[in-house]
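In the numbering used here, the protein residues as written are 1 to 99. These notes concern the structure reproduced below.
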């Protein structure tokens, strides 16, 4: 299974409709994290961009999942790139403890 980086552009101004969907969106993201579809989810401090590391068979399969996001209609741009290398602290073995 391949890994992909999804880059999202969020609206500059959040409408009431957008804000009302945030809890449902977060529940969906949490479900995808539990299913190991989403590995990492981040939103910039200015709340205009998001980055999601996802696992899937193809960019099209990833796009189909992203289109199910409750906030999808509000994204101003979505870019999907397949990753060649993805390394992180969480993808490594935990340190050995000799208690």
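Every residue, glycine too, gets a C-beta built ideally from N, C-alpha and C. Remember, predicted model here, so these are calculated numbers, not experimental data.
- Shown here, residue 19 sits in a helix according to DSSP, grouped into three states.
- Inclusion of residue 78 and residue 66 in the CB contact set at 8 Å is warranted, their separation being smaller than that value.
- Between residue 54 and residue 62 the beta-carbon gap is near 5 Å, inside 8 Å, which marks them as a contact.
- For residue 61, the enclosing alpha helix (DSSP H) begins and ends at 59 to 66.
- Residues of the same chain with a CB within less than 6 Å of the CB of residue 71, apart from the 5 flanking positions on each side, are 21 and 25 in chain order.
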